[in-house]
Structure formats: C-alpha cells, structure tokens
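Number of protein chains: 2
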Amino acid sequence: MPIHPGMPVYRNREEKRPAFAVTRDFDAQGAGVRETRVSLDTHTGTHVDAPLHLFPDGTGVDRLPLEALVGPCRVLDLTGVPGGIRAADLAPHGVRAGEFVLLKTRNSLREGFDPSFVYLTAGAAAFLAGRGVRGVGIDALGIERDQPGHPTHRTLLGRGIVVLEGLRLGTVPPGEYWLAALPLRLIGLDAAPARVVLVEMR
Amino acid sequence: MPIHPGMPVYRNREEKRPAFAVTRDFDAQGAGVRETRVSLDTHTGTHVDAPLHLFPDGTGVDRLPLEALVGPCRVLDLTGVPGGIRAADLAPHGVRAGEFVLLKTRNSLREGFDPSFVYLTAGAAAFLAGRGVRGVGIDALGIERDQPGHPTHRTLLGRGIVVLEGLRLGTVPPGEYWLAALPLRLIGLDAAPARVVLVEMR
Numbered sequence: 001m002p003i004h005p006g007m008p009v010y011r012n013r014e015e016k017r018p019a020f021a022v023t024r025d026f027d028a029q030g031a032g033v034r035e036t037r038v039s040l041d042t043h044t045g046t047h048v049d050a051p052l053h054l055f056p057d058g059t060g061v062d063r064l065p066l067e068a069l070v071g072p073c074r075v076l077d078l079t080g081v082p083g084g085i086r087a088a089d090l091a092p093h094g095v096r097a098g099e100f101v102l103l104k105t106r107n108s109l110r111e112g113f114d115p116s117f118v119y120l121t122a123g124a125a126a127f128l129a130g131r132g133v134r135g136v137g138i139d140a141l142g143i144e145r146d147q148p149g150h151p152t153h154r155t156l157l158g159r160g161i162v163v164l165e166g167l168r169l170g171t172v173p174p175g176e177y178w179l180a181a182l183p184l185r186l187i188g189l190d191a192a193p194a195r196v197v198l199v200e201m202r
Numbered sequence: 001m002p003i004h005p006g007m008p009v010y011r012n013r014e015e016k017r018p019a020f021a022v023t024r025d026f027d028a029q030g031a032g033v034r035e036t037r038v039s040l041d042t043h044t045g046t047h048v049d050a051p052l053h054l055f056p057d058g059t060g061v062d063r064l065p066l067e068a069l070v071g072p073c074r075v076l077d078l079t080g081v082p083g084g085i086r087a088a089d090l091a092p093h094g095v096r097a098g099e100f101v102l103l104k105t106r107n108s109l110r111e112g113f114d115p116s117f118v119y120l121t122a123g124a125a126a127f128l129a130g131r132g133v134r135g136v137g138i139d140a141l142g143i144e145r146d147q148p149g150h151p152t153h154r155t156l157l158g159r160g161i162v163v164l165e166g167l168r169l170g171t172v173p174p175g176e177y178w179l180a181a182l183p184l185r186l187i188g189l190d191a192a193p194a195r196v197v198l199v200e201m202r
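Here is the structure:
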C-alpha cells in the first residue's frame, strides 16, 4: 500500500493516519537537501504482525526469522468468498506444510477502508495452522474482524506463523512466486510497516 | 541497522532519534492488543535516498524502480581504505554496467556514529556512474561527508543510481548475492527507511 496522510487506515480512525513533516529543505536557489520526519502506526498499510501484538510476553517484530519472510509463496484465489474465509474455502487449494499463502480476496478490488472486509475465520486459521504453513497474508488491514478474543490472530501468532496484513493483490494473478516481505527492524515492537514484493519465477 | 531510540543517528543529533509510543496495550489480565506509534526520520538507519533528497524537482522514493532494488549484487571489500574511497580503490574490482555494488568498509567494524566515517569521494562516484552501475550501498549513515555541494550524492542521484546508506556488513563476506533492498513506500518523500537482506546464491 502507498503510505501517505490520506491513505486508508483501520476503521478510519484519524489518530492512525501517518503524518509527514519536512525538517530540512532547499533554499530559494534550490541548494541544500530535503529531509522529512514521519510519524506512523506499526500497523500502517502493508505490515507484519508479531506475537507481541497479542501476547504480552510474545516475540517482537525484530525477532521474526528472515527465513519465514523471504522465500517461495503462493497466491490463492479467494475472490469468490463474500465474508469470512472458512476452512472449506481453503481445502480445495491443497495447502502444504511450510507454505506461505497469500489470500487474494475481493478486498483487493476496492479502495478505502471497508468495515465489512473479507477476513480469515478462526476455523480457517486453525486449518492453516494444522497444515503447518509458515505464513499467511491477506489484502485487508486486519486478518480478522468481529471475533471476540481475536482467535485468528492468537492461533496464527501463537504458533509462530507470520501474519502479513494490508497487501494489495489486485494486479497479481494467483500462482507461485518468490516473496520478500521485509518489515522495518523496529526493536521490541508489536508490528512493523513492511515493503512486500513478489518475484515471478521462470 | 536495528531501529530503536538509542540507535546511532547522523552526527548524533538528538532530534534525529526515533521515538516509540505505545498507543494501545494489554489490560491487567493480559487481554487485548498492543499497538505503537513510531516517529522517525526518512534517513534513519538503513535507508534509501531518492533524487528528491538533493534535487527540488527530483523523483520521490516511492518512484524508484523495484527492478533496481531487487536482484543480483556484489559486496566489495574496501576495509583497507582509511578515509575517502577513490576511483583507484574501486578500479581493481572490475565493476560492470548494471551492477549493484555494496561497499564494505571499516565502518562495519564499529558501533555508534563516527564523524570520520569512510565515504565515497566525488571522483569515485563519477567512476561508478561512468561504469553504469544501477546502485551503490555503503555501511555509513551517509555516502559522503565534508564535500561542499554534495557532489557524490548529486552525481549518483542525478543519474538515477540508487543510493543505499546505513548498511551493516560486518558479518558479510565479500562476494555475489541476491539483494532485496526494500524501502517503505512513502509517497513523495526524499528517502525511506528500508529493510535490506542478502540471499546467498548457490
């Protein structure tokens, strides 16, 4: 997701908007340099959640293993699912141990924050954890909504499965790719904004 | 570089330090979630400079082509150079068109900000630009120092060559790697913090 002050933020909460402030700038002749200060939430735009987001004694985002964040992945077509993704929606895709799956949903076709975004149900999270995936990504700012106690997050983060939120997959055909999902190395924090790219494998 | 409030910052300027503020936290029973607000400079830690850092009408960091930031690279051993890296220090390495070169210097052996850090001289920047490299990285918070008018930056950024600063290469043997240098997608800004990884090629 592009990061700027007018970008979509979770539930449109104003205090979650990024802010940019120029701290140093060119003179009237165009000499000098520009520098900027940025203020943003750890859960801004495309980002990686750490266990510390849900568990007081959980691992911070700087401790996530690079081996989980970089490597093969598969984009699954779930654009036919209208609300919560269930285990039955995932079963036909033949998810395997060690896979990083990115869930392409109709969220990727919309701009702005949609309060009824497509999410991963607790049952589907348990299904993926049971298959032994190494990560799950989704094209919504949250991987779940309206589930008391956040069971989807707890199931995934409690097993050390990487959770990647805020992807944009509108132009990405389903299939296999090489993933680099690189969160800022923010020491001891609950999450971090990330730049995520897919490389086509030939 | 690890990002935290006590990390090294350019010339030890206090106003350049990152700040972390918890905005939401667990209750006394450990229920709920933690979220954090982060404030940091675009030139914090490992980061990518954009042409807009030096040129008022330059390209912002969000417009840098991913093809330049992801792909093969080579780490050059320049740990024998005490001050400014000159063209003569680079010539023996046989730099080729399209290469992304990472300059491993004695900066990687030190902690903290060293005001006499090893940098790339204007002459060496012209040499690399002449060879047609696609990017240059260095293990200092700046790629140059004490050169009036910032000629190293101007030569590289003026030709669309990616400038990667604040690398940590202490544990990285010189040689060939696959690079993923991913800056946050900050729209219209002069630079962005980046997570950078090297993958060993077999």
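Heads up: the sequence lines are chains F and H, in that order. Counting in UniProt numbering, the first sequence runs from 1 upward without gaps. Counting in UniProt numbering, the second sequence runs from 1 upward without gaps. Where is the CB? At the ideal position from N, CA and C, for every residue including glycine.
Chain-ordered neighbours of residue i on chain H, where CB pairs are closer than 9 Å
i        : result
ILE138/F : Result: empty, since nearest Cβ-Cβ is about 17 Å, beyond 9 Å.
HIS93/F  : Under the 9 Å cutoff, chain H gives no residues; its nearest Cβ is about 26 Å from HIS93/F.
Reference residue i; option with closest CA among the options
i             : options                                   : result
GLY98/H       : ASN107/H, GLY123/H and LEU69/H            : LEU69/H
GLY149/H      : ILE161/H, ARG134/H, ALA122/H and LEU164/H : ALA122/H
residue 204/F : ALA129/F, PRO65/F and GLY32/F             : Nothing about residue 204/F can be reported from this structure: the residues present for chain F run from 1 to 202 only.
GLY112/H      : ASP25/H, VAL61/H and GLY45/H              : GLY45/H
TYR119/H      : PRO173/H, GLY80/H and PHE26/H             : GLY80/H
LEU169/F      : LEU40/F, SER39/F and LEU179/F             : LEU179/F
PRO82/F       : PRO5/F, LEU102/F, LEU109/F and ILE161/F   : LEU109/F
GLY158/H      : SER116/H, PRO56/H and GLU200/H            : PRO56/H
ARG131/H      : LEU103/H, GLU176/H, ILE161/H and THR171/H : ILE161/H
ARG17/H       : GLY6/H, ASP27/H and VAL101/H              : GLY6/H
ALA192/F      : LEU141/F, PHE26/F and LYS104/F            : LEU141/F
LEU189/F      : ARG134/F, GLU15/F and LEU54/F             : LEU54/F
MET1/F        : ALA194/F, LEU198/F, GLU200/F and MET201/F : ALA194/F
PHE117/F      : ALA31/F, ASP139/F and VAL133/F            : ASP139/F
VAL59/H       : PRO51/F, ASP62/F, ARG34/F and GLY71/F     : Here the sequence assigns Thr to residue 59/H, which means Val is not the residue at that position. When only C-alpha atoms are compared, the closest one is ARG34/F.
GLU144/F      : ARG134/F, VAL133/F and GLY166/F           : GLY166/F
ALA31/F       : PRO173/H, MET201/H and HIS153/H           : HIS153/H
PRO151/F      : GLN29/F, PRO51/F, GLU15/F and PHE26/F     : PRO51/F
GLU15/H       : VAL136/H, LEU40/H, VAL172/H and ALA28/H   : LEU40/H
VAL136/H      : ASP146/H, PHE100/H and ARG106/H           : PHE100/H
Cross-chain neighbours of residue i in chain H, by beta carbon under 7 Å
i        : result
LEU182/F : ALA180, LEU182, ARG195 and VAL197
VAL133/F : The contacting residues do not exist; VAL133/F stays about 21 Å from chain H at best.
ASP190/F : ARG34, GLU35 and THR36
HIS43/F  : GLU35
Proximity test, Cβ basis, 8 Å: residue i and chain H
i        : result
PRO2/F   : yes
ILE161/F : no
THR155/F : no
ASP77/F  : no
PHE20/F  : yes
LEU52/F  : yes
Supposed contact pair residue j and residue i - C-beta distance, whole angstroms, cut 8 Å
i        : j        : result
VAL22/H  : THR36/H  : 5 Å
VAL38/H  : LEU186/F : 6 Å
LEU184/H : ILE3/F   : 6 Å
TYR177/H : LEU198/H : 4 Å
VAL133/H : VAL95/H  : 6 Å
Amino acids of chain F, ordered along the chain, whose beta-carbon sits closer than 7 Å to that of residue i
i       : result
ASP62/H : PRO2
C-beta neighbour in chain F for residue i, strict 8 Å
i             : result
LEU167/H      : no
ILE187/H      : yes
THR36/H       : yes
LEU40/H       : yes
residue 209/H : This structure cannot speak to residue 209/H, because chain H is shown only from 1 to 202.
VAL33/H       : yes
9 Å Cβ cut-off: residues of chain F touching residue i
i       : result
GLY30/H : PHE55, PRO56 and ASP57
VAL70/H : ALA180, VAL197 and VAL199
Residue i CB to nearest heavy atom of the ligand MG below 7 Å
i       : result
PHE26/F : Although the ligand MG was asked about, the structure shown includes no ligands whatsoever.
Residue i: contacting residues in chain F (beta-carbon distance under 8 Å)
i       : result
LEU66/H : VAL197
Partner residues on chain H for residue i, Cβ-Cβ distance less than 8 Å
i        : result
HIS150/F : VAL33
Q.
Using 8 Å as the cut-off, can you tell me whether the stretch 72-85 of chain F makes contact with the stretch 11-25 of chain H, which would need three or more C-beta pairs spanning the two stretches below that distance?
A. Between the stretch 72-85 of chain F and the stretch 11-25 of chain H there are fewer than three inter-stretch CB-CB distances shorter than 8 Å, so the stretches are not counted as touching.
Q: Check whether the stretch 81-95 of chain F touches the stretch 122-136 of chain F, taking contact to mean three or more Cβ pairs, one atom from each stretch, closer than 8 Å.
A: Between the stretch 81-95 of chain F and the stretch 122-136 of chain F, the count of C-beta pairs closer than 8 Å reaches three or more; the two stretches touch.
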